Amino acid sequence: MEGNTTLYALPKADVVERWKAQTTDDFRFCFKFPATITHQAALRNCDDLVREFLTRMSPLEGRIGQYWLQLPATFSPRDLPALWQFLDALPGRFTYGVEVRHPGFFAKGDEEQQLNRGLHERGVNRVILDSRPVHAARPHNEAIREAQRKKPRVPVHAIVTASHPMVRFIGSDDMVQNRDFFTVWLNKLALWEHSTTPYLFLHTPDIAQAPELVDAIWHELHAAIPGIGAAPSIPQQSSLF
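By the numbering used here, the letter at position 159 of the sequence shown is numbered 176, and the numbering carries on one by one without gaps.
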């Protein structure tokens, strides 16, 4: 499960305990580092914030699939030394991912190669954002318009730098269109599944439509990767968060 709420605020200790009580040992959380670390501090001089975050999440330690950094578009290739210093100081017992948004990291030049090489050397996953569906959608309601304003429009570079590639697929409310855009991921995820353990997260502008998106793609996804089993049971967000 993608833990998006931790980007905006450090969860209270009792909330973390509730997440633990409501899940089992085979459940996996992927939490974002707080924005105080990634955006305000830009990964610099934030050891205390990192320690506080990891300590707060420690009751879930055995259920962490991946901690990941969602870096703002202002975090540019010249900031890579700060990223390497930050990653090198993290505890080695967890899996980590990095999502970048600066155009320089998508230009297929030296700057992107430096990013990919540095992540690969450290065994850190490059998080892949696919926002094509939502930006291709007809902006006929406020949920779509808000998502188009907020979700970055970056090229989709399906690059594996470590053992748990993460794909964030930002769908629209048009399930036929979503299925068309997702087709490319069927072969890609099936290929990756032979040598890695990918994570796939599905978004819709109106979160209530997320189960509909799962239903729209699951038959083809299961055919491509039979080992994923039955479609997931999706809890109400209010029950877990």
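Quick reminder that beta carbons are idealized off the backbone N, C-alpha and C, glycines included. Remember, predicted model here, so these are calculated numbers, not experimental data.
Figure out for me which residue from R61, A90 and E138 has the closest Cα to the Cα of H103.
Taking the first residue of the sequence shown as 1, we reach residue 103 at position 86. It should be noted that the sequence gives Phe, not His, for residue 103. The shortest C-alpha separation from F103 is found at R61.
Looking at the strands, I want to know which residues DSSP matches up with C47.
The residue labelled residue 47 in the question sits at position 30 within the sequence shown. BP columns for C47 point to E19 and Q83.
Could you have a look at V117 and say whether DSSP puts it in helix, strand or coil?
One-based indexing of the sequence shown puts residue 117 at position 100. Coil, per DSSP.
Work out the CA separation of Q194 and R162 for me, nearest whole Å.
Numbered from 1 along the sequence shown, position 145 holds the residue referred to as residue 162. Numbered from 1 along the sequence shown, position 177 holds the residue referred to as residue 194. If you draw a straight line from the Cα of R162 to the Cα of Q194, it is about 17 Å long.
Using the Cβ count rule (16 or more neighbours within 10 Å means buried), how would you classify I224?
Sequence index remark: in the sequence shown, residue 224 carries index 207 (1-based). Residue environment analysis places I224 among the exposed positions, since fewer than 16 neighbouring C-beta atoms fall within 10 angstroms of its C-beta.
Return the residue from the list Q83, P89 and P94 that minimises the CA-CA distance to R109.
One-based indexing of the sequence shown puts residue 109 at position 92. For the record, residue 109 in the displayed sequence is Gly; it is not Arg. The option with the nearest alpha carbon to G109 is Q83.
Please classify N133: does DSSP put it in a helix, a strand, or coil?
On the sequence shown, residue 133 is found 116 positions in, with the first residue counted as 1. Looking at N133 - three-state DSSP - the assignment turns out to be helix.
Let me check one thing: in DSSP terms, what residues is I242 bridge-paired to?
Looking up residue 242 in the sequence shown gives position 225. In the DSSP output, where bridge partners are listed per residue, I242 has none listed.
How is the beta strand (DSSP E) around D147 delimited, first residue to last?
Translated into the one-based positions of the sequence shown, residue 147 becomes position 130. Note, D147: beta strand (DSSP E), I145 to D147.
Which residues in the same chain have their Cβ closer than 7 Å to the Cβ of P76, if we skip the five residues on either side of it in sequence?
In the sequence shown, residue 76 corresponds to position 59, counting from 1. Only V33, E34 and K37 meet the Cβ criterion.
Which term fits F111, buried or exposed, when burial requires 16 or more other beta carbons within 10 angstroms of its beta carbon?
For the purposes of this step, residue 111 is identified with residue 94 of the sequence shown, where counting begins at 1. So F111 ends up on the exposed side.
DSSP on F92, reduced to helix/strand/coil?
Position 75 of the sequence shown holds residue 92. It is coil, neither helix nor strand.
Tell me the residue span of the beta strand (DSSP E) that contains I224.
Working through the sequence shown from its first residue, we reach residue 224 at position 207. The continuous stretches of beta strand (DSSP E) do not include I224, and DSSP gives it neither H nor E.
Give me the DSSP bridge partner(s) of L217.
Here the question's residue 217 lines up with position 200 in the sequence shown. The partner list for L217 (beta bridge, DSSP) reads V184.
8 Å Cβ shell around A124 - same chain, five flanking residues per side excluded:
The residue given as residue 124 occupies position 107 in the sequence shown. None.
Let me make sure I understand the geometry here. Which of I176, L132, V231 and F218 has the alpha-carbon closest to that of D191?
To locate residue 191, count along the sequence shown from 1; it is residue 174. When only C-alpha atoms are compared, the closest one is V231.
Grab me the residues of V171's own chain with a C-beta within less than 8 Å of its C-beta, minus the 5 sequence neighbours each way, in chain order.
One-based indexing of the sequence shown puts residue 171 at position 154. Closer than 8 Å at Cβ, skipping near neighbours: R118, P120, F123, L146 and S148.
Could you have a look at L107 and say whether DSSP puts it in helix, strand or coil?
The count along the sequence shown starts at 1 and reaches residue 107 at position 90. Looking at L107 - three-state DSSP - the assignment turns out to be coil, as it is neither helix nor strand.
Following the continuous alpha helix (DSSP H) through F199, name the residue where it begins and the one where it ends.
The count along the sequence shown starts at 1 and reaches residue 199 at position 182. Following the DSSP letters along the chain, one finds F199 inside the alpha helix (DSSP H) bounded by residues M192 to W209.
So which of W202, F50 and M18 has the shortest CA-CA distance to T296?
Summary: the structure shown does not reach residue 296, with the chain confined to residues 18 through 258, and so no result is reported for it.
For P215, which residues of its own chain have a beta-carbon under 6 Å away from its beta-carbon, when the five flanking residues on both sides are left out?
Position 198 of the sequence shown, counted from the first residue, corresponds to residue 215. For P215, where only same-chain residues beyond five positions count, the Cβ hits under 6 Å are P182, L206 and W209.
Grab me the residues of G7's own chain with a C-beta within less than 8 Å of its C-beta, minus the 5 sequence neighbours each way, in chain order.
No answer is possible for residue 7: the residues shown for the chain start at 18 and end at 258.
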